[in-house]
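Working notes for the structure below.
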Amino acid sequence: MSSVYLITGIMAAGKSTVAQALAERLPKAAHVRGDTFRKAIVSGRADPVPGDAEGMGQLRLRYRIAAGAADEYAAAGFTAVVQDVVIGPVLAEYVELIRTRPLHVVVLAPAPDTVAEREAGRGKTGYGAWTVDDLDTSLRTETPRLGLWLDTSELTPEQTVDAILARRDEASV
């Protein structure tokens, strides 16, 4: 049976790695990377920053496109594993964008110091106007408690996937 998994969390929480590992463990799956749709805009791109209507509008466009792609993969018999930064009140909106059920929401919530360590070891940075602490605060105080929340500070990607699969019913929304 096809379904959709939404893997979210702040930058450097492990979303890409976990989503890829999860998709590889499933018998028929597609990994939908939300950032692909941001990168598709080659001119006029506005990154989401606080107070920028254009940037936030493009972020919501990216969410709609990714949700639509997930639904199309699911309609074709795939389990779609969507991965993107979806934090704050928009998580509830995103859940409504995805028509496919079951929908499993997984929020990766490692400790901020773990995220800072991971960020220091990455070849890319993506925080722009926000700090790790800003995003972590938004995640923990403004994001609705939907789905399965995992503190992955001490988990490997494989252990995280094991937890997601073992607790998929908790992730269902």
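Everything in the sequence shown is counted per my numbering, starting at 316 for the first residue and increasing by one.
Glycine included, C-beta positions come from ideal geometry on N, C-alpha and C.
Option in the options with minimal Cα separation from residue i
{"i": "Ser318", "options": "Ala431, Arg416, Glu473", "result": "Arg416"}
{"i": "Val405", "options": "Pro472, Arg482, Glu457", "result": "Glu457"}
{"i": "Ala486", "options": "Arg460, Arg353, Ser468, Gln335", "result": "Arg460"}
{"i": "Ile413", "options": "Ala431, Ser331, Arg377, Pro425", "result": "Arg377"}
{"i": "Leu337", "options": "Lys330, Val476, Val488", "result": "Val476"}
{"i": "Asp386", "options": "Tyr320, Glu473, Ile356", "result": "Tyr320"}
{"i": "Met316", "options": "Gln474, Leu341, Glu408", "result": "Leu341"}
Opening and closing residue of the alpha helix (DSSP H) in which residue i lies
{"i": "Thr452", "result": "447 to 457"}
{"i": "Leu412", "result": "405 to 412"}
{"i": "Arg433", "result": "427 to 435"}
{"i": "Ile380", "result": "368 to 390"}
{"i": "Glu473", "result": "472 to 481"}
Short Cβ contact (8 Å threshold) for residue i with residue j
{"i": "Leu423", "j": "Leu465", "result": "yes"}
{"i": "Leu374", "j": "Pro363", "result": "yes"}
{"i": "Ile322", "j": "Ile402", "result": "no"}
{"i": "Val420", "j": "Val410", "result": "yes"}
{"i": "Leu470", "j": "Ala478", "result": "yes"}
{"i": "Pro427", "j": "Val447", "result": "yes"}
{"i": "Leu468", "j": "Pro425", "result": "Here residue 468 is Ser; the residue named in the question, Leu, does not match the sequence. Yes."}
{"i": "Lys330", "j": "Gln398", "result": "yes"}
{"i": "Gly462", "j": "Val488", "result": "yes"}
{"i": "Pro472", "j": "Val357", "result": "no"}
Terminal residues of the beta strand (DSSP E) in which residue i lies
{"i": "Ala327", "result": "Premise fails: Ala327 is in no beta strand (DSSP E) and is neither H nor E."}
Counterpart residues of residue i in DSSP-defined beta bridges
{"i": "Tyr320", "result": "Val396, His419"}
{"i": "Val347", "result": "Val397"}
{"i": "Leu463", "result": "Val421"}
{"i": "Ser358", "result": "Paired residue(s): none; Ser358 is not in a bridge."}
{"i": "Ser487", "result": "His419"}
Could you say if the stretch 426 to 436 and the stretch 391 to 401 meet the contact criterion of at least three C-beta pairs nearer than 8 Å? no
Determine contact between the stretch 372 to 388 and the stretch 334 to 353, defined as no fewer than three beta-carbon pairs at a distance below 8 Å. yes
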